[in-house]
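As structure tokens, the structure follows; a few thoughts come after it.
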Amino acid sequence: MEILVGAGGWAYLETPKRDKLRAYAELFDFVEVNSTFYFYPRLSTVKG
């Protein structure tokens, strides 16, 4: 059984804002992004 470990986000890394995801990717093999809409998204966004 393969077990994958990651973090809940990468905002806490002490790196420049533009490099945070890149720094995270050097430590972990995958990223799951949880995103919240604070408004109803456009239908074109939901459809893809």
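Position one of the sequence shown corresponds to residue 1149 (this note's numbering), numbered consecutively onward. A virtual CB, placed ideally from N, CA and C, is assigned to each residue, including glycine.
Residue i - DSSP class collapsed to helix/strand/coil
{"i": "Val1181", "result": "coil"}
{"i": "Ala1173", "result": "helix"}
{"i": "Arg1166", "result": "helix"}
{"i": "Phe1191", "result": "According to the sequence shown, residue 1191 is Leu rather than Phe. Helix, per DSSP."}
Selected residue, minimal CA-CA separation from residue i, among the options
{"i": "Ile1151", "options": "Lys1168, Arg1170, Asp1177, Ala1171", "result": "Asp1177"}
Close-in-space but distant-in-sequence residues of the same chain around residue i (CB under 6 angstroms, 5 per side omitted)
{"i": "Ala1155", "result": "none"}
Contact set for residue i: own chain, Cβ-Cβ below 8 angstroms, skip 5 residues either direction
{"i": "Glu1180", "result": "Gly1154"}
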